[in-house]
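See below for the structure under consideration.
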């Protein structure tokens, strides 16, 4: 067998979708999950690519996510929208709510979408990119389950609690950042474990609360927040806004409900959308032109804008395909052939 396999984005999306349908997901959910997962591979984000398929299947097999619940949009005409995911994956719920959110933000200047009772496993940048493509700026956040110790603590309490922001840019990819409030995404710890590589110093604690570079010890202990008390405070803010405020689970509650970190977490998600035109109305200057002046100044110093590396990977992938190792391709074959029987 050759060392690598190259697939186009559409081909890989079709394979991921087939795996999810084989496992019992409805066509709508299978397609939405496949799009998000392949976006990770397309953009060179292996920790959020096809690696995530197995976790989705384990969660489905454990009965902790609905394979076919139809999301329901609740819209009272205000700036606050809700989508009830019904215990299903969040991707379909977001796709239902996003166009309404963007329209409401353009009309009112600011709008919010709360997604409740969902399982969220993916990065957040695909979601903010959808909204920037609709002409609005966006901020998305969600809890996870308790795997991160608060600054100065020694035991898991907070989630990896990602936050993402997107700003639309004319005729080019948006300005986007997306990061976990932990030092690294939990998937990065797992990838280090699978590869037999030590973690960098300062990423994690073991079960006794001592610093460790052993991925196995880290997975049974706690990750650390980025930036010490600053990351810890931002992570706590996300627990409050995207957990307590929207009437959904915090990370500790999500872990109690799941009983394990081997499955995808169940909680809620909060997405805010902003209309730059509405906020800038009556003030001098075009907000998009002023933003470009800022971006040009950043790049002019030799700095890189967030996601530039990801967009470069996307351009290369769209031209030449997604490169999978033989092991990755074989794993896809097994998942497609065996469905839920392929996971423990």
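Residue numbers (our numbering): 3 to 346. The C-beta atom is built at its ideal place from N, Cα and C for all residues, glycine as well. As the structure is a prediction and not an experimental result, all values here were calculated from the model.
- Selection 18, 23, 254 evaluated against residue 55 yields 18 as nearest (Cα-Cα).
- The Cβ atoms of residue 61 and residue 92 do not sit closer than 8 angstroms to each other.
- With distances taken between CA atoms, residue 229 lies nearest to 184 out of 155, 184, 125, 260.
- Comparing alpha carbon positions, the residue from 98, 234, 214, 76 closest to residue 148 is 234.
- Burial is judged here by how many other beta carbons sit within 10 angstroms of a residue's own beta carbon; residue 241 has at least 16 and is buried.
- For the 8 angstroms CB-CB criterion, residue 206 and residue 189 do not form a contact.
- Taking C-beta separations shorter than 6 angstroms and ignoring five residues to either side along the sequence, the partners of residue 32 in its chain run 19, 22, 23, following chain order.
- Counted as a single uninterrupted DSSP element, the beta strand (DSSP E) harbouring residue 271 occupies residues 268-276.
- Taking all protein chains in view, the Cβ of residue 5 is surrounded by fewer than 16 other Cβ atoms within 10 Å, so the residue is classified as exposed.
- Comparing alpha carbon positions, the residue from 75, 26, 248 closest to residue 99 is 75.
- Distance check between residue 157 and each of 128, 127, 101, 226 places 226 closest, using alpha-carbon atoms only.
- When the alpha-carbon of residue 315 is set against those of 258, 256, 40, the nearest one is in 40.
- Straight-line measurement puts the Cα of residue 146 at about 10 angstroms from the Cα of residue 263.
- Considering only 160, 284, 66, 83, the residue with the shortest C-alpha distance to residue 254 is 160.
- Membership of residue 53 in the alpha helix (DSSP H) is indicated by the continuous run 53-63.
- DSSP lists 166 as the beta-bridge partner residues of residue 180.
- Using a C-beta cut-off of 8 angstroms, the segment 202-222 makes no contact with the segment 131-141, since fewer than three inter-stretch Cβ pairs fall below that distance.
- Your pair residue 304 and residue 270 does not check out as a contact, with CB atoms roughly 40 angstroms apart and the cut at 8 angstroms.
- Going by DSSP, residue 117 is part of the beta strand (DSSP E) stretching over 112-121.
- Within the same chain, 313 come within 6 angstroms of residue 175 by CB-CB distance, once the 5 residues on both sides are set aside.
- Look at residue 239 here: in three-state DSSP terms it is helix.
- Residue 123 places its beta carbon less than 8 angstroms from that of residue 57.
- By the beta-carbon neighbour count (other beta carbons within 10 angstroms, threshold 16), residue 296 is exposed.
- The straight-line gap separating the alpha-carbon atoms of residue 289 and residue 280 is approximately 10 angstroms.
- By alpha-carbon distance to residue 68, the top candidate from 197, 163, 267, 181 is 267.
- Contact between residue 90 and residue 64 is ruled out by a C-beta separation of about 14 angstroms, above the 8 angstroms threshold.
- Judged by DSSP secondary structure, residue 143 falls within the beta strand (DSSP E) whose first and last residues are 139-143.
- Taking each of 88, 80, 78, 51 in turn and checking the Cα distance to residue 66, the smallest one comes out for 88.
- The C-beta distance from residue 113 to residue 275 rounds to 5 angstroms, short enough to meet the 8 angstroms contact threshold.
- Closest in alpha carbon position to residue 204, among 191, 196, 324, is 191.
- When only Cα atoms are considered, residue 111 and residue 278 end up about 8 angstroms apart.
- Boundaries for residue 327: no alpha helix (DSSP H) harbours it, while the beta strand (DSSP E) harbouring it runs 324-327, taken from the DSSP string.
- Contact check for residue 179 against residue 308 passes: the beta carbons are separated by less than 8 angstroms.
- A residue is called buried once 16 or more other Cβ atoms fall within 10 Å of its Cβ, and residue 200, having fewer, is exposed.
- In the three-state reduction of the DSSP assignment, residue 228 falls in the coil class, being assigned neither a helical nor a strand state.
- For residue 86, there is no enclosing alpha helix (DSSP H); the enclosing beta strand (DSSP E) covers residues 82-86.
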